[in-house]
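Scroll down for the structure; my scribbles are underneath it.
There are 2 protein chains.
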Amino acid sequence: MRIGELGERSGVSIPTIKYYVREGLVPSGLRTKANQVDYGEAHLRRLRLVRALLEVGELSVATAKQVIAVLDDPEESALRSMGKAAYALGGGFPATAPRGEDHAGGAGVPNAGTASATRVDDLLDRHGWTVGPNNPARAQLASAFGVAEALGMGDALDQIDRYAEAAYSVAEVDIEIALSPATLDESTERMLVWTVVGDRAITALRRLAQEAVAVKRM
Amino acid sequence: MRIGELGERSGVSIPTIKYYVREGLVPSGLRTKANQVDYGEAHLRRLRLVRALLEVGELSVATAKQVIAVLDDPEESALRSMGKAAYALGGGFPATAPRGEDHAGGAGVPNAGTASATRVDDLLDRHGWTVGPNNPARAQLASAFGVAEALGMGDALDQIDRYAEAAYSVAEVDIEIALSPATLDESTERMLVWTVVGDRAITALRRLAQEAVAVKRM
Numbered sequence: 001m002r003i004g005e006l007g008e009r010s011g012v013s014i015p016t017i018k019y020y021v022r023e024g025l026v027p028s029g030l031r032t033k034a035n036q037v038d039y040g041e042a043h044l045r046r047l048r049l050v051r052a053l054l055e056v057g058e059l060s061v062a063t064a065k066q067v068i069a070v071l072d073d074p075e076e077s078a079l080r081s082m083g084k085a086a087y088a089l090g091g092g093f094p095a096t097a098p099r100g101e102d103h104a105g106g107a108g109v110p111n112a113g114t115a116s117a118t119r120v121d122d123l124l125d126r127h128g129w130t131v132g133p134n135n136p137a138r139a140q141l142a143s144a145f146g147v148a149e150a151l152g153m154g155d156a157l158d159q160i161d162r163y164a165e166a167a168y169s170v171a172e173v174d175i176e177i178a179l180s181p182a183t184l185d186e187s188t189e190r191m192l193v194w195t196v197v198g199d200r201a202i203t204a205l206r207r208l209a210q211e212a213v214a215v216k217r218m
Numbered sequence: 001m002r003i004g005e006l007g008e009r010s011g012v013s014i015p016t017i018k019y020y021v022r023e024g025l026v027p028s029g030l031r032t033k034a035n036q037v038d039y040g041e042a043h044l045r046r047l048r049l050v051r052a053l054l055e056v057g058e059l060s061v062a063t064a065k066q067v068i069a070v071l072d073d074p075e076e077s078a079l080r081s082m083g084k085a086a087y088a089l090g091g092g093f094p095a096t097a098p099r100g101e102d103h104a105g106g107a108g109v110p111n112a113g114t115a116s117a118t119r120v121d122d123l124l125d126r127h128g129w130t131v132g133p134n135n136p137a138r139a140q141l142a143s144a145f146g147v148a149e150a151l152g153m154g155d156a157l158d159q160i161d162r163y164a165e166a167a168y169s170v171a172e173v174d175i176e177i178a179l180s181p182a183t184l185d186e187s188t189e190r191m192l193v194w195t196v197v198g199d200r201a202i203t204a205l206r207r208l209a210q211e212a213v214a215v216k217r218m
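Note that the protein sequences, when read in sequence, are chains A and B.
Read in order, the letters of the first sequence correspond to residues 1 to 218 in our numbering.
Read in order, the letters of the second sequence correspond to residues 1 to 218 in our numbering.
This is the structure in structure tokens:
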């Protein structure tokens with residue numbers, strides 16, 4: 001298809017498509033004539049992925065590039081590619097550094113210490129989860145633990161196993177959804193898209209459920 | 001305590017504390033002498049809450065003000081105050097508007113339509129969740145549904161009930177944690193802090209669990 005059709009079907013403007021191609025987020029089209037470049041379904045899928053990463057996942061263009069690079073250099077199995085892509089995706093929440101310090105120079109919410117990292121290890125052990133040492137979510141969970149402690153909510157962490165169980169049942173569905181298509185490429189893409197969109201859905205569901213639980217108790 | 005001690009105990013710099021007081025996020029201290037202002041435990045707790053909202057929750061100062069306003073005008077029950085605060089907290093994910101359009105003028109990921117809103121209503125009905133019409137998470141969930149459809153992942157939404165069940169068990173723990181202290185004020189504060197910190201923890205746990213599930217399947 002021509003770039004105009006690609007733009008229409010993806011809902012992405014032509015200048016934005018060209019920008020993504022220049023940045024290496026979307027592969028170039030195939031030049032068929034001097035004045036004509038052709039795009040296929042793979043371009044359309046990639047464009048949707050890029051939009052999901054940038055807008056829903058709120059990744060920087062630089063991080064999105066790293067994620068995309070995994071797709072362009074796939075592993076031998078869908079699960080391995082998915083894992084590599086998930087690591088590249090990183091946090092899931094944009095910033096861990098303190099913000100709003102432009103008007104001052106304070107300390108901010110402290111980052112995770114060794115105690116929090118040990119707590120993460122213990123949790124993984126207790127649940128029998130095999131997780132590589134470089135999974136970026138380890139540091140993120142440790143950081144959440146550290147923040148909870150610093151904010152005087154260390155007692156909430158006594159309940160963390162119940163959150164872990166809920167997360168595991170979510171992850172089982174996640175992997176099922178990602179593996180449902182036939183091809184490796186598609187599985188990795190679906191894993192990425194659903195990870196960022198799913199974060200949104202789960203956050204919203206949690207808030208709706210909080211109200212439902214509260215109403216029951218009134 | 002003097003502002004210096006407040007700064008030390010909260011890890012927030014004195015200029016930042018003064019900024020929060022000017023913005024109305026933290027109440028003024030009590031002027032005890034011409035040159036001395038006194039702060040109490042309530043100030044310390046409020047400071048921690050503000051940091052959690054701004055840094056972990058990534059709220060704007062304007063939104064944080066609205067949330068704080070609920071604390072300064074409590075309802076007759078902890079659950080009602082918690083609900084009001086949760087509504088003020090809003091989304092849980094910063095932006096729903098398309099980003100990165102400064103270099104172009106494209107459409108971006110479409111927002112939720114009527115179909116998505118109906119899907120949310122149906123989900124609440126199926127699970128018997130009583131949720132007010134103005135809960136901002138309704139629109140957020142509908143938006144996630146719309147994005148999933150637009151990105152060719154509408155099939156993932158067939159599994160949404162399993163996510164809802166996980167979210168409900170998370171919310172039950174959330175409410176328990178919030179209600180554990182004795183006072184209404186503290187419950188509302190804990191609800192707010194744990195909602196934003198819990199989002200982080202759950203996101204990280206989901207990613208760790210995804211790896212654990214994938215490893216099991218390899």
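Virtual Cβ for every residue (Gly too), placed ideally from N, Cα, C.
Computed from a predicted structure; not experimentally measured.
According to the DSSP assignment, residue 210 (chain B) belongs to the alpha helix (DSSP H) that extends over 184 to 217. For residue 30 (chain B), the enclosing beta strand (DSSP E) begins and ends at 30 to 33. Remark: fewer than three beta-carbon pairs, one from each stretch, lie closer than 8 Å, so the stretch 7 to 19 of chain B and the stretch 155 to 163 of chain B are not flagged as touching. Residue 72 (chain B) carries a coil assignment under DSSP once its states are collapsed to helix, strand and coil.
Contact between residue 74 (chain B) and residue 185 (chain B) holds: CB atoms are separated by about 7 Å, below the 8 Å threshold. At a cut-off of 7 Å, the C-beta of residue 37 (chain A) has no neighbouring C-beta in chain B.
Residue 147 (chain B) sits in a helix when the DSSP states are folded into three classes.
In the displayed model, residue 131 (chain A) falls within coil according to three-state DSSP, outside both helix and strand. Between residue 28 (chain B) and chain A, the shortest Cβ-Cβ separation is not below 7 Å. DSSP places residue 37 (chain B) within a strand segment (E or B) once states are collapsed to three.
Comparing alpha carbon positions, the residue from A:40, A:152, A:44 and A:129 closest to residue 168 (chain A) is A:129.
Annotation: residue 46 (chain A) to residue 205 (chain A) spans about 28 Å, alpha carbon to alpha carbon.
In this chain, the alpha helix (DSSP H) harbouring residue 7 (chain A) covers 3 to 10.
No Cβ-Cβ contact shorter than 7 Å links residue 179 (chain B) with residue 85 (chain B). The straight-line gap separating the alpha-carbon atoms of residue 189 (chain A) and residue 71 (chain A) is approximately 8 Å. If you draw a straight line from the Cα of residue 210 (chain A) to the Cα of residue 175 (chain B), it comes to about 7 Å.
With a cutoff of 7 Å on beta-carbon distance, residue 79 (chain A) and residue 218 (chain B) are scored as near each other. Any Cβ of chain B closer than 7 Å to the Cβ of residue 154 (chain A) would place that residue at the interface, and such an atom is absent.
Under the criterion of beta carbons closer than 8 Å, residue 120 (chain A) and residue 142 (chain A) qualify as touching, at roughly 5 Å. With a cutoff of 7 Å on beta-carbon distance, residue 213 (chain A) and residue 172 (chain B) are scored as near each other. Comparing alpha-carbon positions, the option among A:126, A:40, A:144 and A:127 lying closest to residue 114 (chain A) turns out to be A:144. Excluding five sequence positions before and after residue 59 (chain A), the CB atoms of its chain that fall closer than 6 Å to its own CB belong to 53, given in chain order.
Sorting B:170, B:201 and B:138 by C-alpha distance to the C-alpha of residue 148 (chain A) places B:201 at the top. Assigned with DSSP and collapsed to three states, residue 15 (chain B) falls in helix. Nearest C-alpha to residue 24 (chain A) among A:125, A:183 and A:67: A:67. Residue 3 (chain A) and residue 51 (chain A) have their alpha carbons spaced roughly 16 Å apart. Approximately 4 Å separates the beta-carbon atoms of residue 166 (chain A) and residue 166 (chain B); this is inside 8 Å, confirming the contact.
Per DSSP, reduced to three states, the secondary structure at residue 59 (chain A) is coil, with no helix or strand assignment. By the C-beta density criterion, residue 31 (chain B) is exposed, having fewer than 16 other C-beta atoms within 10 angstroms. For the options B:195, B:207, B:194 and B:198, the alpha carbon positioned closest to that of residue 195 (chain A) is the one of B:207. Chain order gives no chain B residues near residue 40 (chain A), where near means a beta carbon separation below 9 Å; the closest approach is about 15 Å.
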